[in-house]
Amino acid sequence: MQTLITGGIPNMDRSPPEDRVLNIAKGISSATGESFFRSLVEHLAASLDAHRVFIGELVEAGSERVRTIAVWADGKIVDNFEYDLAHTPCRHVIGKSLCSYASGVQQSFPQDRFLAEMKVEGYVGTPLLDSGGRALGLIVVLFDHPIESPKLAESILQIFAVRAGAELERRRAEMALRHSEERWRQVFENSAIGIALSNVDGRFLAANAAFQRMLGYTGEELLALSWPDITHEEDRGNNLALYQEFLSGKLQQFKIEKRYRRKDGRVLWVSNTISRVLDGGYCPGFVMALVEDVTERKRLQQQLQEEHERLRLLLNLTNEVLSHLDLRQLCQAVSSSVRRVMQCDFVGLTLPDLEAGGMRLYTLDFPDGKGTVRAGALFPMEGTPSGLTFRTGRLQVFDAQRMAQFDRGINPGLAEGLKSGCFFPLIHCDRLLGTLNLLRLADSVFSDGEIDFLEKIAGQVAIAVDNALNYREVSEAKERLAEEKRCLEDEIRIEHDFGEIIGESPALACALKQVEIVATTDATVLISGETGTGKELIARAIHDLSARSAHPFVKVNCAAIPRDLLESELFGHEKGAFTGAIARRIGRFELAHEGTLFLDEIGEIPLDLQPKLLRVLQEQEFERLGSARTVKTNVRLVVATNRNLARMVKEQTFRDDLYYRLNVFPITVPPLRERPQDIAPLVRHFVEKFARRINRPITHIPNEVIEALKRYQWPGNVRELQNVIERAVILSPNGVLRVPLPDSVSVHKESSTMRGASRTLEDVEREHILQVLRETDWVIGGPKGAAERLGLKRSTLRSRMEKLGISRDMS
0 MQTLITGGIP NMDRSPPEDR VLNIAKGISS ATGESFFRSL VEHLAASLDA HRVFIGELVE
60 AGSERVRTIA VWADGKIVDN FEYDLAHTPC RHVIGKSLCS YASGVQQSFP QDRFLAEMKV
120 EGYVGTPLLD SGGRALGLIV VLFDHPIESP KLAESILQIF AVRAGAELER RRAEMALRHS
180 EERWRQVFEN SAIGIALSNV DGRFLAANAA FQRMLGYTGE ELLALSWPDI THEEDRGNNL
240 ALYQEFLSGK LQQFKIEKRY RRKDGRVLWV SNTISRVLDG GYCPGFVMAL VEDVTERKRL
300 QQQLQEEHER LRLLLNLTNE VLSHLDLRQL CQAVSSSVRR VMQCDFVGLT LPDLEAGGMR
360 LYTLDFPDGK GTVRAGALFP MEGTPSGLTF RTGRLQVFDA QRMAQFDRGI NPGLAEGLKS
420 GCFFPLIHCD RLLGTLNLLR LADSVFSDGE IDFLEKIAGQ VAIAVDNALN YREVSEAKER
480 LAEEKRCLED EIRIEHDFGE IIGESPALAC ALKQVEIVAT TDATVLISGE TGTGKELIAR
540 AIHDLSARSA HPFVKVNCAA IPRDLLESEL FGHEKGAFTG AIARRIGRFE LAHEGTLFLD
600 EIGEIPLDLQ PKLLRVLQEQ EFERLGSART VKTNVRLVVA TNRNLARMVK EQTFRDDLYY
660 RLNVFPITVP PLRERPQDIA PLVRHFVEKF ARRINRPITH IPNEVIEALK RYQWPGNVRE
720 LQNVIERAVI LSPNGVLRVP LPDSVSVHKE SSTMRGASRT LEDVEREHIL QVLRETDWVI
780 GGPKGAAERL GLKRSTLRSR MEKLGISRDM S
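So for the sequence shown, numbering that gives the first Met the number 0 puts the first residue at 0; every next one is plus one.
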């Protein structure tokens, strides 16, 4: 540093240094900011008699360029300017050192054109430092004459450089703050994301333009509202605990997604990032929320989720179609998923019931229904949405106005409150199978996207329906064949005794003539006759001579089946219809479709089952046990009984309307005692049959045996004769038939025969039954019981014993 002392300077302030400092301090004491710097350069120039004073700051930290912030020259404040530090004494000042040249500064810095232009002779400069000791700028005093007291100038400059540095640092901080505020204001106003400020009570303090556009409110309108006012009513109670933690200081920030309701009522989804701004202490002064409209994202997410659920539903449906051949089980497995994914309230499947002439609601999934619409209901083809869809074979979409045009009387869904829906025709391989019906309680029509997807669902359901219908046809055919096989096996096991009707008596010929007459019709036939007379053979003859002979002949012995199971045997049952019903079973009426059903012992049918039998005869339709589906059948009915049905009608143990419906064409089979001419051919037939069976040939049948057999009354009729001949063949080892007859007809006891001739038929029958009972020790049932020996059923024998007054006391 160079110091040059020169002579006195005119007009120089010659007051003591402390007074000069005091004058400067007084001059700048009340000034701040720009006025401070201007006041300082003015007072420095006056105190030091300098012709130019300026305060400058570095354009940027660490840069080589200075920008002045206050300049005093020629007795006034002049414009600011910028200059480079290179080749100037200011370069040394910024290097944090005092630089003073009492004179000759131009010679020391010949490249500084500014010094030459200003004709500067003396120079004093000091750096302005911040609180951290970093150079912010400088104060420079320029003299156009040599400095008289450079030490004084240096001291004064250094004294006020501290205050100037602090003010410059404050100025920079204010500028930075203003710049930050302006930048924040720009961000606040121009941000694409909504920004809103509120107090801790949720009342809005400010909101940017994006937030205002998002909600549709102006800034003034928002000032009268709070967060709950714009929040969707269903979301207002959410996140209260989270907000309390936020206000208590446990959370500095949190993020939530919720729904807002715009001024126009529309709903939008937003993502909120909530932050708290402290008031200088530890309590939040206000709350700031960054609000992003995520409605479109939510819509896309929901759409993606719906697409995912739909694809999963379609995949599940495909798997269900492959794993379920039972249509009802399939519909139950997928209907709830279809309802949930498609947001509908009713899912139904209707199939055509061509015999009833309408559409049958096969399955139904309607959890909120009142019970007006039920599975199994029949809807007309005309005047119903499903009928319209099936008749046209085209998709039908209904809104509330179009639905209301249908008659509520034949469309119970309208009474349930169903307002809109879609009805899809189920078409597979150009075959129209039915309709898939989806309805809503709300008046919200299915969108095009939903309809496109539901058409795919309908295509899969159509495949399932086709598979199920084919499977049901195959299953029913299989069950029918199995039942036919079982019936045939039962008949083989029972060995129905007569391979053909044998006899030539006038009584039998009269009965057979009636068979020929009625066989060609479909009239119901009532065959009456005693046990063992061959009523089943007559029934078979009617079937064989009819146009139904190519179809099944199904026999049911009503007396041999427990009363509780008879209804299931006749009409069938569904799985689970009653305890023990582990699988569906086809009844005999369904099995005998297009053929003949023979009900033996019709008088044993319970009175409470007779109305259902009457309905089948009149309407040719019935329902399986446990099923609401009506089954149509085409059956020719032949019944048989050994009881007096007319008497049972009088005793009110048999319905008169059923009796008249059965007694269309009665045929009476004569007992064996009324056709003795038939005994000889019957004996020969049975001898040949049993001899062949046990491989014991019988070559001779004595005439006295035949005559003795003719004299016997045969209460068990042909069945008793068969049993007697079978026993005789077994007891005839020498080829001559020997018949072990009861004493009353023995060829060796004429007296007994004569006595029998003088008694009534009932006496003979009573005596014979008593004798057999004594021989079997009064055992009625079983293989060695009296019923088996007499060729009677156990129930028939008990009935005869009661009629003839036979009891064990008589023994």
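Just so you know, even glycine gets a beta-carbon here, dropped at the ideal spot from N, CA and C.
Own chain, CB closer than 7 Å to residue i, minus 5 neighbours either side, in chain order
i    : result
S731 : I697 and R737
G416 : L440
S806 : none
G790 : G531, G715, R718, E719, Q721 and N722
R623 : F570, G571, H572, E573, G586 and V630
A457 : F423, L425 and L435
R672 : Q712 and W713
T230 : K257 and Y259
Residues near residue i in its chain [Cβ-Cβ closer than 6 Å; skip 5 each side]
i    : result
A518 : I541, L544 and S545
E33  : none
E41  : W71
P227 : R235
C282 : With a pLDDT of 46 at C282, under the threshold of 50, the modelled position of that residue is not reliable, and no figure is offered here.
V744 : Confidence at V744 is low in this model, with a pLDDT of 47, below 50, so the placement of that residue is unreliable and no value is reported for it.
F664 : V517, A522 and V524
T795 : T530
For residue i, the first and last residue of its enclosing alpha helix (DSSP H)
i    : result
D563 : R562 to F570
V119 : Run containing V119: none; DSSP gives neither H nor E here.
R674 : Run containing R674: none; DSSP gives neither H nor E here.
F689 : I678 to I693
P610 : Q609 to E618
E46  : Note on residue identity: the sequence assigns Ser, not Glu, to residue 46. Start and end: G32 to L47.
S99  : That residue, S99, is in no alpha helix (DSSP H); its beta strand (DSSP E) goes C98 to Y100.
I666 : I666 -> not in any alpha helix (DSSP H); beta strand (DSSP E) instead, spanning F664 to T667.
K649 : L644 to K649
K631 : Where K631 is concerned, there is no enclosing alpha helix (DSSP H), although the beta strand (DSSP E) it sits in stretches over T629 to K631.
F588 : R587 to L590
E703 : N702 to R710
L736 : Run containing L736: none; DSSP gives neither H nor E here.
I729 : N716 to I729
Residue(s) in a DSSP beta bridge with residue i
i    : result
V70  : F53 and V77
T87  : None, per the DSSP bridge assignment.
V638 : L525 and L598
F285 : V276
S336 : DSSP, once it has assigned bridges, lists no residue as partnering S336.
F345 : L438
R64  : D83
V290 : G193 and N271
P351 : M358
F621 : V630
Host beta strand (DSSP E) of residue i (start-end)
i    : result
T795 : Element bounds for T795: not the beta strand (DSSP E) but the alpha helix (DSSP H), R793 to L803.
G136 : A134 to F142
Q254 : Rather than Gln, the amino acid found at residue 254 in this sequence is Lys. Taken as a continuous stretch (DSSP letters only), the beta strand (DSSP E) holding K254 covers Q252 to R260.
I23  : Run containing I23: none in the beta strand (DSSP E); it sits in the alpha helix (DSSP H), P16 to I27.
K249 : First-last for K249: undefined, no H or E at that position.
Same chain, Cβ closer than 8 Å to residue i, neighbours up to 5 away in sequence not counted
i    : result
Q342 : R439
S419 : F397, D398, A399, M402, L438, R439, A441, D442, S443, V444 and F445
R614 : E620 and F621
R166 : It should be pointed out that residue 166 corresponds to Glu in this sequence rather than to Arg. Contacts found: T31, G32, F35 and F36.
V340 : E305, E308, R309 and L312
D776 : none
R793 : I779, G780, G784 and A786
What runs of the alpha helix (DSSP H), each 4 residues or longer, lie entirely inside the stretch 359–442? 384–391, 399–402 and 411–414
The stretch 593–606 in contact with the stretch 555–564 per 3-pair CB rule at 8 Å: Between the stretch 593–606 and the stretch 555–564 there are three or more inter-stretch CB-CB distances shorter than 8 Å, so the stretches are counted as touching.
Can you confirm whether the stretch 676–688 touches the stretch 654–663 when touching is taken to mean that 3 or more C-beta pairs between the two stretches lie within less than 8 Å? no
As an exercise, report each continuous beta strand (DSSP E) stretch of at least 3 residues that is fully enclosed by the stretch 510–582, in chain order. 524–527 and 552–556
Could you tell me whether the stretch 344–357 touches the stretch 447–454, using the rule of 3 or more Cβ pairs below 8 Å? In short, these stretches do not touch, since the Cβ pair count stays below three.
Three-pair Cβ contact test at 8 Å for the stretch 83–93 versus the stretch 55–75: yes
Going residue by residue through the stretch 181–239, where are the continuous alpha helix (DSSP H) segments of at least 4 residues, counting only ones entirely within it? Entirely contained in the stretch 181–239, the alpha helix (DSSP H) runs reaching 4 residues are, in chain order, 208–214, 218–222 and 226–229.
Take every Cβ of the stretch 136–153, pair it with every Cβ of the stretch 21–29, and state whether three or more of those distances are shorter than 8 Å. Verdict: no, contact absent.
When you compare the stretch 366–381 with the stretch 463–479, are there three or more beta-carbon pairs, one atom per stretch, that lie closer than 8 Å? no
Would the stretch 187–196 and the stretch 206–221 be scored as touching if the rule is three or more Cβ pairs under 8 Å? yes
Is the number of C-beta pairs between the stretch 94–106 and the stretch 169–184 that are closer than 8 Å three or more? no
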